[in-house]
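2 protein chains.
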Amino acid sequence: MERVLEQKFTIEYQYNVFFTKGLFSLGNNLFKNFLTVHSNPGFKQKILFVIDEGFMDAHPNLAEQIRNYFMESEDFILASEPLVIPGGEICKNDPTCLDNIIQAVDQYGIDRHSYIVGIGGGAILDLVGFAATISHRGIKHIRIPTTVLSQNDSGVGVKNSVNFKGKKNFLGTFAPPKAVFNDFEFLETLDERSWIAGVSEAIKVALIKDLSFYEWIENNAEKIKERNSSEMEDLIFRCADKHLEHIRNGDPFELGSSRPLDFGHWSAHKLEQMTDFEVLHGEAVSIGISIDVLYSYLIGNITREEAFRVVELMNKLGLPIYHPILDTEEARFILLSGLLDFQEHLGGKLTIVLLEKLGVGKDYHHLDYLLVLKTLDLLKNFCQDQNPVYEAS
Amino acid sequence: MERVLEQKFTIEYQYNVFFTKGLFSLGNNLFKNFLTVHSNPGFKQKILFVIDEGFMDAHPNLAEQIRNYFMESEDFILASEPLVIPGGEICKNDPTCLDNIIQAVDQYGIDRHSYIVGIGGGAILDLVGFAATISHRGIKHIRIPTTVLSQNDSGVGVKNSVNFKGKKNFLGTFAPPKAVFNDFEFLETLDERSWIAGVSEAIKVALIKDLSFYEWIENNAEKIKERNSSEMEDLIFRCADKHLEHIRNGDPFELGSSRPLDFGHWSAHKLEQMTDFEVLHGEAVSIGISIDVLYSYLIGNITREEAFRVVELMNKLGLPIYHPILDTEEARFILLSGLLDFQEHLGGKLTIVLLEKLGVGKDYHHLDYLLVLKTLDLLKNFCQDQNPVYEAS
Ligand SMILES: NC(=O)c1ccc[n+]([C@@H]2O[C@H](COP(=O)([O-])OP(=O)(O)OC[C@H]3O[C@@H](n4cnc5c(N)ncnc54)[C@H](O)[C@@H]3O)[C@@H](O)[C@H]2O)c1
Ligand SMILES: NC(=O)c1ccc[n+]([C@@H]2O[C@H](COP(=O)([O-])OP(=O)(O)OC[C@H]3O[C@@H](n4cnc5c(N)ncnc54)[C@H](O)[C@@H]3O)[C@@H](O)[C@H]2O)c1
Ligand SMILES: [Zn+2]
Ligand SMILES: [Zn+2]
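In structure tokens:
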């Protein structure tokens with residue numbers, strides 16, 4: 001005798017991405033108001049801040065500012081002094097960083113009605129999100145991204161992760177934050193490389209989804225390079241918007257194989273690993289986009305002019321489009337193995353997005369190794385002709 | 001200038017709980033059919049089995065049976081020999097068990113289109129579910145529960161977890177399985193204690209939600225105690241059904257504070273810890289229910305007769321209703337601290353479900369310590385009068 005019980009339910013996810021300046025200055029009530037709206041009357045909710053050490057060093061008054069900001073709060077208390085954790089890939093590689101956050105959850109009695117707030121680059125946010133979503137089966141987390149990349153891409157999405165024995169993002173969860181606060185002033189202390197690196201994610205999303213956004217980036221490239229330009233603010237806003245739109249209309253928790261937002265990423269992930277993360281994520285994506293754009297030209301989807309128009313844009317912005325590590329044959333084989341890793345992480349059929357035309361992405365299930373190698377030669381030649389910023393630095 | 005982007009989407013979760021016998025016998029196509037329906041044409045999906053060592057010892061032919069079962073499968077391949085992991089709480093306590101599963105995911109290239117299948121008691125299923133849901137941000141997992149408790153309660157739900165430094169279920173996820181297969185024959189090798197322990201979860205759900213189910217259990221208590229009775233099959237089916245119904249109509253991922261399915265559990269969790277898990281989960285729940293039922297009597301919600309009717313039922317089934325470790329004052333204080341742990345894990349206000357009347361639960365936000373102590377005295381006296389099974393063993 002066989003019987004079956006059927007189970008079915010839906011869960012609704014909702015969060016806002018706020019754009020502001022001076023988030024923790026006393027006159028700015030955005031963050032406080034958010035917390036108050038979500039407070040639990042008669043019960044003081046705890047907040048644990050976890051802060052990127054690199055960001056903290058550049059903003060030495062931050063801890064005090066936060067303390068003052070919460071001084072007179074009725075509904076919330078700081079669980080402890082902020083936990084300061086080394087920023088960058090190291091915090092996703094070193095299991096003690098994850099452990100330290102989980103320990104703090106235990107030590108300070110952070111519960112499912114408390115908040116863990118991550119402040120920092122994409123790496124810290126990935127780590128804090130993961131720690132929060134697995135502690136007590138999910139503590140609410142808030143993201144405060146402090147890099148261009150995390151404000152316009154990684155910080156506004158639903159993915160959390162750490163590396164496992166060097167394997168990038170091997171462990172993680174899909175779990176949206178409760179809110180994201182983007183403070184444009186936090187970006188002032190970024191060095192030139194990080195400032196510009198995040199722009200490649202905007203080019204990425206524009207190329208596969210929005211030709212007019214792409215053209216806007218081209219037309220404003222000079223101004224975007226400038227620090228504190230309102231064009232950079234607009235770029236971050238539009239890019240974040242495109243990412244959010246894609247997530248909600250697509251496949252938020254990536255149950256299928258198609259991941260258009262990973263345009264340019266199959267080689268980028270590999271390149272980060274190969275250079276021991278000396279190449280920044282956004283820089284690797286810039287090279288990855290260059291490869292995939294040229295590949296799209298080589299298979300006849302776009303013209304040579306269109307392909308090099310994209311490469312030129314990246315070059316003009318100061319983004320790298322090639323890396324000398326790719327000069328050797330061995331390195332090129334390792335790069336190609338990124339296609340296999342990509343398939344494995346996604347599972348199922350290999351699915352790579354390429355350009356159908358400028359502004360429109362399209363899934364492909366096979367890449368020709370020889371054509372990929374050819375894109376590398378084209379990019380290398382381009383660099384030799386142009387003597388681009390990256391190789392000169 | 002402040003701007004905001006709003007994000008909102010829903011995710012639908014769906015899975016079936018199948019009841020069968022001889023799941024891996026060659027004539028039984030239930031499991032194969034499930035996999036085929038969910039297969040990816042032209043692509044061989046991998047399956048990794050993780051099996052409870054205690055269950056494996058009792059079913060020494062299982063690995064071979066599974067090998068034969070998949071021998072001629074077109075769409076699926078076994079990723080490797082089954083991973084065998086010690087069953088019981090040890091596998092949730094020892095981080096190397098989690099690590100071994102994650103290592104296997106890496107080593108055998110288990111991807112998001114593969115399946116990890118856990119076979120075993122609630123502890124193994126909690127562990128395997130957790131490992132699967134954090135690997136590659138979520139590999140599909142299938143549960144094959146092999147204890148009464150896991151077939152009627154833990155295995156059919158949406159929670160996964162491991163312990164962290166001895167803290168029960170400190171790390172975990174809410175992530176439903178893709179399917180659950182309950183094979184009644186797998187229960188044949190359970191010892192007497194485990195066989196009956198899981199019945200307390202049925203009494204729990206009946207007491208708070210379904211008086212007629214409770215009365216059915218009373219009327220069939222003798223037969224339920226018997227091995228391989230069809231009454232036990234019915235009890236498991238009805239109990240699983242009630243749990244599934246509660247999950248889908250309630251708050252599947254427990255975003256609020258109310259957790260009626262945790263009736264009797266605040267003290268049970270503590271008691272398991274205090275006895276170093278010598279007391280089984282179901283046994284601890286039986287004691288926990290006894291405490292909360294007497295408490296419901298002491299605050300006037302049910303009569304003394306009703307309260308002791310429940311205690312008698314448990315006693316008659318051979319379930320413990322008290323534990324001698326609770327004789328000392330120190331131990332009683334530790335037990336009471338379970339209320340604080342419970343609040344912390346849930347977060348926010350303490351919320352404990354008690355009986356409003358038989359068959360109906362009700363949330364309370366405060367428990368009177370002295371009244372809890374009184375329930376312990378009443379239960380101890382009851383045991384001394386009755387010389388119940390538990391103390392005699
Ligand atoms: N979750 C996702 O969807 C997603 C998407 C893309 C990338 N990522 C991840 O994001 C990470 C990269 O993030 P990132 O590019 O933001 O860099 P990062 O987090 O690696 O930080 C780079 C460095 O900048 C420092 N820093 C951060 N903010 C600063 C500031 N305002 N001023 C001065 N220094 C500052 C950090 O301390 C660190 O040393 C990678 O781990 C990548 O995998 C995640
Ligand atoms: N996820 C949830 O919602 C949830 C709910 C309740 C309980 N739980 C968890 O479930 C666990 C308890 O599970 P359990 O009671 O199923 O026991 P268990 O998993 O602890 O297993 C008990 C013992 O029985 C052995 N065993 C399992 N099946 C057997 C069989 N058929 N024949 C012989 N031996 C067998 C195991 O090897 C183990 O030694 C606890 O960790 C508890 O926290 C989880
Ligand atoms: Zn990226
Ligand atoms: Zn239970």
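Residue numbers (full-length UniProt numbering), protein chains in the order written: chain S, 1 to 393; chain X, 1 to 393.
Ideal Cβ positions, reconstructed from N, Cα and C, are used throughout, including at glycine.
Note that the structure is predicted; figures quoted are calculated from it, not measured.
Taking 7 Å as the threshold (C-beta atoms), are residue j and residue i in contact?
i	j	result
I302(S)	S296(S)	yes
residue 400(X)	V199(X)	For chain X, the structure presents residues 1 to 393; residue 400(X) sits outside this window and is missing.
K92(X)	V162(X)	yes
G129(S)	H141(S)	yes
G338(X)	S267(X)	yes
I102(X)	I116(X)	no
P252(X)	V158(X)	yes
Counting only beta-carbon separations shorter than 7 Å, does residue i have a partner in chain X?
i	result
K178(S)	no
G359(S)	no
I299(S)	no
Q273(S)	no
A392(S)	Unreliable placement is indicated for A392(S), whose pLDDT of 38 sits below 50; no coordinate value is reported for it.
E231(S)	no
A70(S)	Inspection of the sequence shows that residue 70(S) is occupied by Phe rather than by Ala. Chain X contact via Cβ: absent.
K8(S)	yes
D262(S)	no
Would you say residue i lies against chain S (beta-carbon separation less than 7 Å)?
i	result
F19(X)	yes
R227(X)	no
D75(X)	no
I134(X)	yes
L187(X)	no
residue 404(X)	Outside the shown range of chain X, which is 1 to 393, sits residue 404(X), and nothing can be said about it.
K223(X)	no
R248(X)	yes
Using CA coordinates, which residue listed in the options is at the minimum distance from residue i?
i	options	result
P86(X)	Y369(X), V50(X), K165(X) and W266(X)	V50(X)
I124(S)	S135(S), D106(S) and V84(S)	V84(S)
residue 427(S)	K349(S), D363(S), K8(S) and V17(S)	Past the boundaries of the shown model lies residue 427(S); chain S is included only from 1 to 393, so the question cannot be answered.
I236(X)	G256(X), D94(X) and A206(X)	A206(X)
L298(X)	L378(X), S286(X) and A268(X)	L378(X)
L35(S)	H136(S), Y15(S), D52(S) and D191(S)	Y15(S)
K270(S)	S258(S), A284(S), S257(S) and P95(S)	A284(S)
R227(X)	I217(X), I196(X) and K168(X)	I196(X)
D262(X)	L211(X), K225(X), I203(X) and E306(X)	I203(X)
I321(S)	H281(S), L340(S) and N40(S)	H281(S)
A307(S)	E272(S), E356(S), V156(S) and L78(S)	E356(S)
D363(X)	Q273(X), G256(X), D385(X) and K316(X)	G256(X)
H323(S)	I287(S), G22(S) and D292(S)	I287(S)
E231(X)	V148(X), T10(X), D368(X) and I90(X)	V148(X)
N169(S)	A132(S), E185(S) and L127(S)	L127(S)
R332(S)	S258(S), K374(S), R3(S) and K316(S)	K374(S)
F174(S)	F164(S), G155(S), K46(S) and E185(S)	G155(S)
V293(X)	N68(X), V310(X) and L244(X)	V310(X)
T275(S)	E185(S), N28(S) and I334(S)	I334(S)
Between the C-alpha atoms of residue i and residue j, what's the straight-line distance to the nearest angstrom?
i	j	result
C383(X)	Q65(X)	46 Å
H366(S)	K380(S)	24 Å
E74(S)	F43(S)	9 Å
L99(X)	L171(S)	It is Asp, not Leu, that sits at residue 99(X) in the sequence shown. Roughly 11 Å separates the two Cα atoms.
N61(X)	P145(X)	17 Å
A58(X)	T189(X)	6 Å
G359(X)	D106(S)	36 Å
N152(S)	G121(S)	11 Å
N219(X)	F19(X)	24 Å
T10(S)	I11(X)	6 Å
M71(X)	D385(X)	58 Å
L187(S)	D52(S)	13 Å
K225(S)	L317(S)	6 Å
- Quick one: which unbroken alpha helix (DSSP H) runs of 4-plus residues sit fully inside the region 39-85 of chain X? Chain order, please. 53-58 and 62-70
- Task: Only counting runs of 3 or more residues, tell me where the beta strand (DSSP E) segments fall wholly within the region 267-306 of chain S, in order along the chain.
- Result: none
- Message: Please give me, in chain order, every unbroken run of the alpha helix (DSSP H) with length at least 4 that falls completely inside the region 206-270 of chain S.
- Response: As for any alpha helix (DSSP H) of minimum length 4 sitting wholly inside the region 206-270 of chain S, the runs are 211-219, 221-225 and 230-249, ordered along the chain.
- Ignoring anything shorter than 3 residues or poking outside the UniProt domain "3-dehydroquinate synthase N-terminal" (84-195) of chain S, list the beta strand (DSSP E) runs there in chain order. 115-120, 140-145, 159-164, 167-174 and 179-183
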